[in-house]
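Quick note, the sequence shown lines up with residues -9 to 251 if you use our numbering. See structure below.
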Amino acid sequence: MQCLIFYHCHCLDESEQGTIYVDLLKNVEKYTGYKGESSARVWRSIYLENLDTTTCKEKRLFYRLISGLQTSISLQLCYNHLLSGFLPKENVWGPSVEEFVRRFHPALVPEALGRLRNLFLAYVVEMRAIAKAAPYLMQQAFYTGDAATDTRTRSMVLDFLSDIDAVFDESQLFHEPGKEILDLKEEFRLRFLNITRIMDCVGCDKCRMWGKLQIQGIGTALKILFNNNLFNKSRCCFAQTQPNAQLKRSEIVSLFNGFAK
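Below, the structure written as structure tokens:
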């Protein structure tokens, strides 16, 4: 049986020189003032180079997931918006109803409701991936450099995984055998890689980091969902015969943080 592993996003080797670790809790996603033509050009390139709305259900899913990603980012900017202006020494951040209305009121943005539905789709797809990989994730160790934090983190993750439900059925996608499906999976893989490279053009460091983290989260979800033969249900883990199918730590971090958005 032929098999194509989804390596959707380029994952950096943590042993590489120059690797920078970022505390995501201290660098939350929020409005930074990055906007205008530079930002618009990045999204325009992502849609024009990688997305279409054809009748193919797999490609429609891909389009809706990326639309959901963009909606998630926009909502975060509304939720953590700069309310005080950039000049005060102590900036005030918080939810901005005005910004939310500007971006999502149907009277102003007719596509807004569709974009919010796409956000919900991205949410349930990542939820389904986490539920499917839960037995594997439950076996993972957590190393933060602090034993008490490790214990607390593991306990919280186990509690979360024990309660999560599967609400998305991926069985109707990529289910037809043959070269056409393998080619489609390869096309998806290349599109994800292209999107991560386009994200490198984002001029704001924090925006770029969160954008790439969220796209990797979606890529990781699809890697879990559409590689059924790599998931060894009898052992409750990814098949040991396919070591490259194991999830990297950066992929797990991206999946959980993307889902949290």
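We treat Cβ as the ideally placed atom computed from N, Cα and C, and that holds for glycine.
Can you tell me where the alpha helix (DSSP H) with N17 in it begins and where it stops?
For N17, there is no enclosing alpha helix (DSSP H), as DSSP marks it with neither H nor E.
Which same chain residues end up closer than 6 Å to A250 when comparing Cβ atoms and leaving out the 5 residues on each side of it in sequence?
Once the five neighbours on either side are set aside, A250 has no close Cβ partner at all.
Residue burial classification, K282 (beta-carbon count within 10 angstroms, cutoff 16):
No answer is possible for residue 282: it lies beyond the span of the chain, which begins at -9 and ends at 251.
With H, G and I counted as helix, E and B as strand and the rest as coil, what does DSSP make of L72?
L72: strand per DSSP, three-state reduction.
Round the Cβ separation of C194 and Y24 to the nearest angstrom and send it over; I've been treating them as touching at under 8 Å.
At roughly 4 Å, the Cβ-Cβ gap stays under 8 Å, so C194 and Y24 are in contact.
My output table needs one value for G207: the three-state DSSP class, helix, strand or coil.
The answer is helix: DSSP assigns G207 an H, G or I state.
Classify Y126: buried if its beta carbon has 16 or more other beta carbons within 10 angstroms, exposed otherwise.
With 16 or more Cβ atoms within 10 Å of its Cβ, Y126 is classed as buried.
Taking the DSSP output, what are the residues bridged to W83?
In the DSSP assignment, W83 is bridged to L72.
Distance, Cα to Cα, R34 vs V243?
In a straight line, the C-alpha of R34 is about 27 Å away from that of V243.
Please identify the residue among E101, I208 and R198 whose C-alpha is closest to the C-alpha of F246.
When only C-alpha atoms are compared, the closest one is I208.
With a threshold of 16 other CB atoms inside 10 Å of the CB of G10, please say whether the residue is buried or exposed.
First, the residue type needs correcting, since residue 10 is Ile and not Gly in the sequence shown. Residue burial annotation: I10 is exposed, with fewer than 16 other C-beta atoms found within 10 angstroms of its C-beta.
My assumption, with CB atoms under 8 Å, is that I266 sits in contact with A121. Please give the rounded CB distance.
Here the chain has residues from -9 to 251 only, and residue 266 is not among them.
If we ignore side chains and look at the alpha-carbon of each, how far apart do D136 and V91 end up?
The straight-line gap from Cα to Cα measures roughly 43 Å.
Rounded C-alpha distance that separates L183 from K213:
Rounded to whole angstroms, L183 to K213 spans 13 Å at the Cα level.
Got a sec, what are the start and stop residues for the alpha helix (DSSP H) E116 sits in?
Run containing E116: A102 to K122, per the alpha helix (DSSP H) assignment.
CA-CA distance, L41 and H95?
Roughly 25 Å between the two C-alpha positions.
In three-state DSSP terms, what is G193?
If DSSP states are grouped into helix, strand and coil, G193 belongs with coil.
Among residues of its own chain, excluding the 5 on either side of A102, which ones have a beta-carbon nearer than 8 Å to its beta-carbon?
Result list for A102: R93, F94, H95 and P96, in chain order.
Range of the contiguous alpha helix (DSSP H) that encloses M146:
A137 to D153 is the span of the alpha helix (DSSP H), which, as asked, contains M146.
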